[in-house]
Amino acid sequence: MDSKERVILDCRDYPESKCTLAFSGKEEEVLEIAEYHATSKHGYKIEPKLREQLRSMLKQEALAR
Ligand SMILES: [Zn+2]
554 MDSKERVILD
564 CRDYPESKCT
574 LAFSGKEEEV
584 LEIAEYHATS
594 KHGYKIEPKL
604 REQLRSMLKQ
614 EALAR
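Encoded structure:
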């Protein structure tokens, strides 16, 4: 991926979270902060399945607008 291309993960895509935060950046950066956010704010456990789920929610930032 081009390093200038950011991806966005929008918590609103996950309606049950009742959360309006969105994170954007490089894929690995977004996954890292999103994993922290999901576990600290939404009570998820850190496990490979969580990261896969978060990865599936990533969108190209340009397309998200
Ligand atoms: Zn959230």
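Per the numbering used here, residue 554 is the first one in the sequence shown, and the count goes up by one each step. No residue lacks a Cβ here, since even glycine has one placed at the ideal position from N, Cα and C.
(request) Using only the heavy atoms of ligand 1, determine whether one of them is closer than 6 angstroms to the beta carbon of L574. (result) Here residue 574 corresponds to residue number 21 of the sequence shown, with the count starting at 1. It does: the Cβ of L574 is within 6 angstroms (strictly closer) of some heavy atom of ligand 1.
(message) Between the alpha carbons of L603 and Y597, how many angstroms are there, rounded?
(response) Sequence index remark: in the sequence shown, residue 603 carries index 50 (1-based). Sequence index remark: in the sequence shown, residue 597 carries index 44 (1-based). Each residue's Cα considered, the two are about 8 angstroms apart.
(message) Could you check whether V560 and E582 sit closer than 7 angstroms to each other, using their CB atoms as the reference points?
(response) The residue you call residue 582 lines up with position 29 of the sequence shown. The residue you call residue 560 lines up with position 7 of the sequence shown. Going by C-beta atoms, E582 is not nearer than 7 angstroms to V560.
(message) With a threshold of 7 angstroms on Cβ separation, who are the neighbours of K612 within its own chain once the five nearest residues in sequence on each side are excluded?
(response) Residue mapping note: residue 612 aligns to position 59 of the sequence shown, counting from 1. Correct list, in chain order: V560 and I561.
(request) Would you identify the three-state DSSP class for I586, choosing helix, strand or coil? (result) In the sequence shown, counting from the first residue as 1, residue 586 sits at position 33. Residue state, collapsed to three classes: helix.
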